[in-house]
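Take the sequence shown: its letter number 56 is residue 78 in my numbering, and every next letter is one higher.
Working notes, structure below.
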Amino acid sequence: MKRIITFGTFDVLHIGHVRILQRAKQLGTHLTVGVSTDALNWSKKQKKTVYSQYDRLEIVKAISGVDQVFFENSLEEKGRYIVDYKADILVMGDDWAGRFDEFKSLCEVVYLPRTEGISTTQLLEEIRAIAS
Ligand code: C2G
Numbered sequence: 023m024k025r026i027i028t029f030g031t032f033d034v035l036h037i038g039h040v041r042i043l044q045r046a047k048q049l050g051t052h053l054t055v056g057v058s059t060d061a062l063n064w065s066k067k068q069k070k071t072v073y074s075q076y077d078r079l080e081i082v083k084a085i086s087g088v089d090q091v092f093f094e095n096s097l098e099e100k101g102r103y104i105v106d107y108k109a110d111i112l113v114m115g116d117d118w119a120g121r122f123d124e125f126k127s128l129c130e131v132v133y134l135p136r137t138e139g140i141s142t143t144q145l146l147e148e149i150r151a152i153a154s
């Protein structure tokens with residue numbers, strides 16, 4: 023059993039989110055995903071999410087390959103989450119490259135290339151343009 027953990031907001035789910043979750047799962051046999059609470063997302067991005075934390079949790083859990091989800095309440099508790107969920111590998115997109123190297127004492131840390139050309143922010147702009 024090789025346990026993978028990753029974190030994210032996963033608002034307005036798109037192919038970039040799905041791909042990183044699927045690629046993370048390919049590195050092991052069990053994937054746990056910490057989904058940022060609305061409060062955490064506000065504190066890290068000063069933005070409201072379109073989908074509530076409850077919807078975002080349920081949507082991520084519905085993705086094949088995701089085995090377990092939980093609410094990520096703070097970036098500072100990442101070390102405790104890694105220990106509590108017995109993660110062997112922390113996987114994040116490379117927009118976070120280097121930011122979580124401090125956890126290399128707890129588990130392997132892998133940064134995977136982001137999917138180019140898509141982000142929730144960009145999607146919302148496209149939706150606004152279509153809807154206007
Ligand atoms: N991602 C990606 N490709 C994209 C967009 C996002 O690979 N085009 C990845 C990000 O690198 C991240 C994951 O998808 O690993 C989730 O992205 P977000 O929902 O934007 O989450 P983020 O704000 O990065 O939150 O504790 C860390 C934070 O919770 C991460």
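Ideal placement from N, C-alpha and C gives every residue a C-beta, glycine not left out.
Quick caveat: nothing in here was measured; it's all calculated off a predicted structure.
Closest to residue i by C-alpha separation, out of the options, would be which residue?
{"i": "Arg-25", "options": "Asp-110, Asp-77, Ala-46, His-36", "result": "Asp-110"}
{"i": "Ile-85", "options": "Ile-149, Glu-147, Leu-145, His-36", "result": "His-36"}
{"i": "Gln-48", "options": "Ile-104, Glu-98, Ile-27, Gln-75", "result": "Ile-27"}
Ignore the nearest five residues each way along the sequence and tell me which others in residue i's own chain have a CB closer than 6 Å to its CB.
{"i": "Leu-79", "result": "Val-57, Val-91"}
{"i": "Tyr-73", "result": "Asp-33"}
{"i": "His-39", "result": "Phe-32"}
Is it true that the CB of residue j sits closer than 8 Å to the CB of residue i?
{"i": "Leu-134", "j": "Phe-125", "result": "no"}
{"i": "Thr-59", "j": "Gln-44", "result": "no"}
{"i": "Met-23", "j": "Thr-51", "result": "yes"}
{"i": "Glu-94", "j": "Phe-29", "result": "yes"}
{"i": "Ile-42", "j": "Gly-115", "result": "yes"}
Closer than 7 Å: is that where the CB of residue i sits relative to any heavy atom of the ligand C2G?
{"i": "Met-23", "result": "no"}
{"i": "Lys-100", "result": "yes"}
{"i": "Glu-147", "result": "no"}
{"i": "Phe-32", "result": "yes"}
{"i": "Trp-118", "result": "yes"}
{"i": "Glu-80", "result": "no"}
{"i": "Leu-49", "result": "no"}
Spatial neighbours of residue i within its chain, please: CB distance less than 7 Å, with the 5 preceding and 5 following residues excluded, ordered by chain position.
{"i": "Leu-128", "result": "Gly-101, Ile-104, Val-105"}
Leaving out five residues on either side along the sequence, give the residues of the same chain with a beta carbon under 8 Å from the beta carbon of residue i.
{"i": "Thr-137", "result": "Ile-37, Gly-38, Arg-41, Ile-42"}
What ranges does the beta strand (DSSP E) occupy inside the region 33 to 104, keeping only unbroken runs of at least 3 residues that lie completely in it? If only uninterrupted beta strand (DSSP E) runs of at least 3 residues are considered, those enclosed by the region 33 to 104 are 52 to 58, 90 to 94.
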